[in-house]
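In what follows, a single structure is set out as structure tokens and then discussed.
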Amino acid sequence: MFFKKKRKETKKTQDCKVHFKAKNTRRNLPKRSSSSKNSFCAKAKSIKPLRGSRNSRAEKVKKIKRRNSILGVMLLIFVISMAIFSGYTVINFITGIRGGTSIEDIVQEQKYVIGIDSVPIYPNSQFVYQDTKDEEIVMRMLNQGLSVYKLPRNTRTSQVYDFYEENLSQNGWEYISTIPMSTEEELLGQYWFQNEKGLRIYIEGDDVWYELITKSEAETSLAQRREAELQRKRVLETSSEQNLLPDFPWVLSIPREYLTRYSPTEMEELQSVEIFEIAGEASFLIYPIGKSNSESYIQMLEEFIEKKDEDSEKDWGIVSSIRDFRKEREVLSTKLTIDGRSGEGVVLMNKRNFIVYLITSNDEGNPFFEQIIEEIHEP
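So the sequence shown is numbered by my numbering: it starts at 8 and just counts up by one.
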């Protein structure tokens, strides 16, 4: 017995919006009415975009805009940099034509000479004793009103004097005179005064020296000192002479105004000789410091000065050294400090015994030291 299943009545969904027709291959079937119980509907669903799909054109436009903005920023930075560089170059060019100073010079002009207030340093010059400025010898020199700076290369004396004529008066100094070369009555230099204080600025080699003196000395351009120097030179030229001992490896004539004292050294039978000024404080030393080709001149000099400073009651120090040629031989010229005084020295080799000697003076610029260097020779 067959039981016919009761067909469940499908409730109409009120919110149905989309109707789908049942597939039917037969064309002659009558269309179902909307009220037919066999029609069915599905709930509407939102159609989501496919994942991973991109708008390539939009992405390309964004990349172009981003690239253009970066290029624009870089171009702006380049234009600003070029404008700054051009302005900097033009300023330096104009000031150079006018004989003025560069931008770096203007900044450096605000600094003052170590040891002497209100005197600006020459642009781009360097304090000679920078590495030893805290040592007692240098401090003593600064307290005496002496200071020295290394000038830039190719600096002319006239440039230094012109700089101070333009700038020093702004700091309360009054100009007196400029003596380009020493004469019978005056010492070379540029002279200034401030109240009762005098100032001398002069060039020696590649260095500019600053010296505090009295106002009267500045007004006379150190005439008394110049007279004393000339008098001492005349005495050296006219006095009778004495010679070094016959067994000494150097030949040198010494005026009677000096005394000599010989001392043993650590180098076998070699002796040193010290020459004293009778009527002054100047002294000169001729000392063997090493054998040729054993070490460089500067190494021998440093070792000797270090030992001399330890063993002697006087303070010894090296300020600067430079290779030089004197009398067709290579030498090492050096500036020294000896017991608080500015001294100098020359390292050279004896061509007979191949021993390296150091000749020193505790009085820088003393004419007898130059005479020693020019006249000393092997027997």
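Beta carbons are placed, not taken as given, at the ideal position from N, Cα and C, and that holds for glycine.
The model shown is predicted, which means the values in this text are computed figures rather than measured ones.
Exposure of P159 is indicated by the presence of fewer than 16 other C-beta atoms within 10 angstroms of its C-beta.
Minimum Cα-Cα distance from P130 among the listed residues A230, L83, N174 corresponds to N174. A Cβ-Cβ separation of about 5 Å places I123 in contact with Y217 under the 8 Å criterion. Under a 10 Å Cβ-count criterion, F332 is classified as exposed, with fewer than 16 other Cβ atoms of the shown protein chains found around its own Cβ. Under the three-state reduction of DSSP, Y129 is assigned to coil, being neither helix nor strand. Under the Cβ criterion (8 Å, minimum of three pairs), the segment 213–231 counts as touching the segment 186–199. CA-CA distance, V215 to M188, rounds to 15 Å.
Collapsing the DSSP output to three states places I121 in coil.
For Q278, the enclosing beta strand (DSSP E) begins and ends at 278–284.
In the DSSP assignment, K314 falls within the unbroken alpha helix (DSSP H) covering 304–318. The C-beta distance from T341 to S328 rounds to 4 Å, short enough to fall under 8 Å. Inside the segment 202–254, DSSP marks whole alpha helix (DSSP H) runs of 4 or more residues at positions 222–226, 230–245, from first to last along the chain. Taking 9 Å as the cut-off, the Cβ atoms of I261 and E281 do not count as close.
In this structure, P374 lies near K240, with their beta-carbon atoms less than 9 Å apart. Taking a 10 Å sphere around the C-beta of R359, we find fewer than 16 other C-beta atoms and assign the residue as exposed.
V68 sits in a helix when the DSSP states are folded into three classes. The continuous beta strand (DSSP E) containing V326 extends over residues 323–333.
Secondary structure at G94: helix, using DSSP grouped into helix, strand and coil. A Cβ-Cβ separation of about 7 Å places L339 in contact with L308 under the 8 Å criterion. In summary, I71 is exposed, with fewer than 16 beta-carbon neighbours lying within 10 Å of its beta-carbon over all protein chains present. Contact between W257 and N357 holds, since their C-beta atoms are separated by about 7 Å, short of 8 Å.
As the crow flies, the alpha-carbon of G287 is around 34 Å from that of K298. Just measuring C-alpha positions, the residue of E385, I380, G372, Q378 sitting nearest G212 is G372.
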